[in-house]
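Encoded as structure tokens, the structure appears first; notes follow it.
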Amino acid sequence: MNFSFSREQQDFRRDVRAFIAENLPSEVRERLRAGHAPLPAQTIAWHRKLNEQGWAAPHWPREYGGLDLGMAERLILAEELYRAPAPMPLVFNVSMLGPVLLRFGTPEQKAHFLPRLANLDLWFCQGFSEPGAGSDLTSLRTAARREGDHYVVDGQKIWTTMAHVADWMFCLVRTADAPRKQDGISFLLIDMKAPGVTVRPIISIDGAHHLNEVFFDSVRVPVENRVGAENEGWACARYLLGNERTGIAGVPWCRERLDRTLELAATLVQHGQPLLANPLLRAEIATLRAEMRALEVSNWRFIVGDPDGDDGARASVLKLQGSALQQRIAALMQRLSGGAALQAWPDADNAPSDQAQWAAGIAPRYFYSRAASIYGGANEIQRDIVARICLG
Amino acid sequence: MSGMQFNYTSEQSQLAQSLRRMLSDHHGFRQRQALLREPVDRPDPLWRHFTDMGVTALAVPEVDAGLGGKTEDLFVVLRELGRALVVGHYVSSCVIAPAALLLAASTSQRAPLLAGIAAGELRIALALTDANGDVRPAAQRNPGCTAYMTQGQWTLSGQHSGIAHLPGADWLLIRAGVEGDAREGEALFLVDTRAAGTEVRGHTLVDGSRAGDVRLQGAPAARLGEGAGVPCAAVVSALDRLGAAAACAEALGVMELAYELTREYVNTRQQFGRTLATNQAVRHCIADMRVSLESATSMAMLAAIVIDNPQASVDPNQDIASAKMLIGRLGRQLCEDAIQLHGGVGMTDEFAVGHCLRRMLVLDHSFGNADVQLGRLADSLSMAGTDARVA
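Keeping their order, the protein sequence lines are chains H and D. With my numbering applied, the first sequence closes on residue 392, and no number is skipped along the way. With my numbering applied, the second sequence closes on residue 1391, and no number is skipped along the way.
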């Protein structure tokens, strides 16, 4: 047993770190350090910069813009990006749709879409959930009726992150009413500019606009934009959701935020005393650090160190632990930041005072972290999965 | 309350029901959201109803044109305000300010102010905390406020931040160091916020309530009590305890709202062909929420009881700190669980349940959050009176 990195992996980490230090704009770094998400233009610019190195989608084959890198290098890259902190490549493009196209796409679909995904020429959003289909995703009702060489799509998706910015959507639709609901689902790629597509913003409890509802009113989608066979879209979705779970634990995010928490605790004062002088706070941070270390090692053990040892529960284990840790860290940052963090969203009427700017991203991040145990398979579903595997 | 009594009296029940009905008619969730988008200096539409119902006069003694209610009566009101997610200035104007005037002001000073409070005519903000009592970067040390006596008139200069309900307030009741007063050190002062020398910068908190920072430059002020009466530190401690008890009562109402919204949601929402409530994990979570509610109810009531009757407790300070700490933690946990059980809709601004958590954070922060209270409780533990031995 060992937990060390090869010479090549250490060199890779060093190269990535140096590249980020030289190329990440300081305003982007500061924005993320303060706890805000990058602006869409910043995400695009940085994603393309990474793509120039082949690092936007490093695990893809070289012919489609990747470097054929393995899981270890992917994880090293993620760790270094979060450490900076720097924006990650757009997950919808490189971790979700890209792998689905690699596995299920036609040569034409791969040739057309993969380079555009890798370079964020097209920003994709994810059309899965519906008002009546959350955890019970297979009960989705957005329908795609075949008419010659097109599908005609009618229905609605919800919780669509960044749909208001996206160029395209990968979308689960119902193409048949089958005895088993998953046997009537297809996977379509839909142009968000197509006539009949309407996006309605949903403001979330962090005060920001990330989420949307998307309505489809007789939207025509060419049949060649279907991925995989008709009525076999659920296999694409399962494959995608399996991939999503691995990254979604947010382990490297936890490390950077916990480091930032410690920094805050050391530099913030109350009644003239540094917060870190409080033994109760030190105990809480020490506990979180130990738990984060366990999660970090598990991440490496599951993904790289013992990749064949999975009985199927590991992705859910990581999601359960990772989401809990994200939430506890976000909550601790909010709790120790006092009144400054409670000043609300930076819009024209409600801007925090200058003295409170350092805390502006902290409460929004805490509120948004409540979703970590809901999206990507809610905690209750994850526990059912683990229990079924453990108990039968 | 004498003996063992944790139920409402019939008057208290009537008050609670009337308030709940009024708030349901005039401060439903949609109305509340619209109200929060109004400019801060628009008159608060609820205020007329509060005055008509007498709740603005509750904390004012009968001799001062009030109703002479006790903290247990304020508990009834605050619980309903919490349940309706009201974020106006009732606590500072009609609960803490009257108590401050009764503790520290002279009779002639307080009479007109108490009458104005009882009549619902005054908005009063309070800056009682140490100017450096809230968390800040080390470089942002706040010099606080100092009072100077010049030709028979007190003036205040300095600054204070994070003052709840400051925007739109008529009066600011603020703690300041007294220049040249070696004996007293600090005192409480009343500042007319509309007079010269007062600059207010307002902001909105995550729950929609207003707060602000103040800069005073030679602002004319009235010293409460003119040196007579209870020392400033004791007054501030008493008001801190009252504020903590008030926050506990409101937080209980917020928890009750979050719980009831969730109960209804899980009994209605269907996935996999059945309601969420048929799932054991959901049922157990609701049960845990109920357990938390009972603890919160007991402690919020206790806090109100020991303010009115400190003799009812061996250690009233510990009871209040324990109540504030537990309700801060349990309230946060319950409101987080409420969002979890709502799934995606719990994350939206359009549903009330997410606003319960936002409100809970501000209530936790006010008058010392759960972590501050825990520090006090831990510090107060000692080996005295135990059999523990140090080897």
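Virtual Cβ for every residue (Gly too), placed ideally from N, Cα, C.
- A distance below 7 Å between beta-carbons, with the five flanking residues on each side excluded, links D/C1248 to the following residues of its chain, in chain order: M1299, A1300, A1303, A1323, K1324 and I1327.
- Its chain contains L1058, A1059, V1095, A1246, A1249 and A1304 as the residues whose beta carbon lies nearer than 8 Å to that of D/L1074, once the 5 sequence neighbours on both sides are disregarded; these appear in chain order.
- For H/A163, no alpha helix (DSSP H) run applies, since DSSP gives it neither H nor E.
- Taking C-beta atoms under 8 Å as the contact rule, D/V1214 and D/P1167 fail to qualify, at a distance of about 10 Å.
- In this structure H/I185 does not touch H/V221 by the C-beta definition: roughly 15 Å separates them, more than the 8 Å allowed.
- Close CB contacts of D/F1029 within its chain, under the 7 Å cut and outside five residues either way in sequence, are with A1352 (chain order).
- Between D/G1368 and D/A1244, the C-beta spacing is below 8 Å.
- By the Cβ-count criterion, D/T1268 is exposed, with fewer than 16 other Cβ atoms from all chains shown falling within 10 Å of its own Cβ.
- Residues of chain D whose Cβ lies closer than 9 Å to the Cβ of H/R370 are, in chain order, E1336, I1339, Q1340, G1346, M1347, G1354 and L1357.
- Of all C-beta pairs linking the stretch 117-137 of chain H to the stretch 154-167 of chain H, three or more are shorter than 8 Å, placing the two stretches in contact.
- For H/H150, same chain residues with a beta-carbon under 8 Å away, outside a window of 5 residues either side, are R220, V221, P222 and V223 in chain order.
- Listed in chain order, the non-local C-beta contacts of D/Q1270 below 8 Å within the same chain comprise L1276, local neighbours out to five positions each way being set aside.
- A direct Cα-to-Cα measurement between D/V1236 and H/H271 gives close to 16 Å.
- Within the stretch 331-343 of chain H, contact with chain D at the beta-carbon level (separation under 9 Å) is assigned to A331, Q334, R335, L336, S337, G338, G339, A340, A341, L342 and Q343.
- Linking D/D1064 to D/L1357 through their CA atoms gives a straight-line distance of about 38 Å.
- When the beta-carbon positions are compared, H/V227 and H/A72 stay at least 8 Å from each other.
- In the structure shown, H/K49 adopts helical secondary structure according to DSSP, grouped into three states.
- Per the C-alpha coordinates, the member of H/Q355, H/L342, H/F215 and H/S373 positioned closest to H/I362 is H/L342.
- For D/Q1333, the enclosing alpha helix (DSSP H) begins and ends at P1316 to H1342.
- One alpha carbon belongs to H/A144, the other to H/N243, and they sit about 26 Å apart.
- Listed along chain D, no residue sits closer than 7 Å to H/S26 by beta-carbon distance, the nearest being about 20 Å off.
- For the pair H/G339 and D/H1365, the CB atoms are nearer than the 8 Å cut-off.
- Closest in alpha carbon position to H/G66, among H/S26, H/A45, H/N23 and H/L114, is H/L114.
- DSSP places D/V1200 within a strand segment (E or B) once states are collapsed to three.
- The stretch 1242-1309 of chain D contains, as complete alpha helix (DSSP H) runs of 4+ residues, the segments 1280-1308 (chain order).
- The closest CA to that of D/R1359, considering only D/E1062, D/G1069 and D/L1334, is found on D/L1334.
- For H/A266, the enclosing alpha helix (DSSP H) begins and ends at V251 to T267.
- Residue pairing by DSSP puts H/P201 in a beta bridge opposite H/N212.
- H/A56 is positioned such that its CB atom lies no closer than 8 Å to that of H/V16.
- The alpha-carbon separation between H/S204 and D/T1348 amounts to approximately 4 Å.
- The beta carbon of D/T1071 sits closer than 6 Å to the beta carbons of A1304, I1307 and D1308 from its chain, once the five residues preceding and following it are set aside; these are given in chain order.
- At a C-beta separation below 9 Å, H/D136 has these neighbours in chain D: Q1270, Q1271, F1272 and G1273.
- Between the stretch 1131-1147 of chain D and the stretch 1097-1115 of chain D there are fewer than three inter-stretch CB-CB distances shorter than 8 Å, so the stretches are not counted as touching.
- About 11 Å separates the CB atoms of H/L280 and H/A265; that is not less than 8 Å, and the two are not in contact.
- When beta bridges are read from the DSSP output, D/L1173 appears opposite D/L1126 and D/L1190.
- Within the stretch 1128-1152 of chain D, the residues whose Cβ lies closer than 7 Å to some Cβ of chain H are D1130, N1132, G1133, D1134, V1135, R1136, P1137, A1138 and Q1140, listed in chain order.
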